[in-house]
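Participant: Residue numbers (this note's numbering): 6 to 109. Ideal placement from N, C-alpha and C gives every residue a C-beta, glycine not left out.
(1) Quick check on this structure: which residue in 54, 17, 102 and 38 has the alpha carbon closest to the alpha carbon of residue 110?
(2) From residue 76 to residue 58, what distance separates their C-alpha atoms?
(3) I need the straight-line Cα distance from residue 78 to residue 15, nearest angstrom please.
(4) Pop quiz: residue 36 and residue 45 are said to be a contact at Cβ under 8 Å. What is the actual Cβ separation, rounded to whole angstroms?
(5) Going by other Cβ atoms of all chains shown within 10 Å of its Cβ, with 16 needed for buried, is residue 52 buried or exposed?
(6) Is residue 84 helix, strand or coil by DSSP?
(7) Helix, strand or coil: which one does DSSP assign to residue 44?
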């Protein structure tokens, strides 16, 4: 967690501020439709933004649940040096429902 104070001030210049997207006509459905057609800006709920945000939030929950610090390897989708986290990150799936076998 980054809290106001000396550490925050050190990192402030490194933090990226994402510009607010303008509202599109009749809301998110029109925004989505226009983006598909190529007539509008990238939708506000695009994966380029949502995936890293969701990953960060879930890693925070994982750190809270275990009470441990996490060094995350995003390419392999594993916590570095702590294999006990693997079962929490990807639970076993029923036969025929396996997914992401080649993530690393």
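Facilitator: Walking through what the data contain:
(1) The question about residue 110 has no answer here: the residues shown for the chain are numbered 6 through 109.
(2) Computed Cα separation, rounded: 16 Å.
(3) Looking at the two C-alpha atoms, the distance is approximately 24 Å.
(4) Residue 36 to residue 45, Cβ: 6 Å. Contact.
(5) With fewer than 16 other Cβ atoms within 10 Å, it is exposed.
(6) Note: residue 84 maps to strand in three-state DSSP.
(7) Residue 44 carries a coil assignment under DSSP once its states are collapsed to helix, strand and coil.
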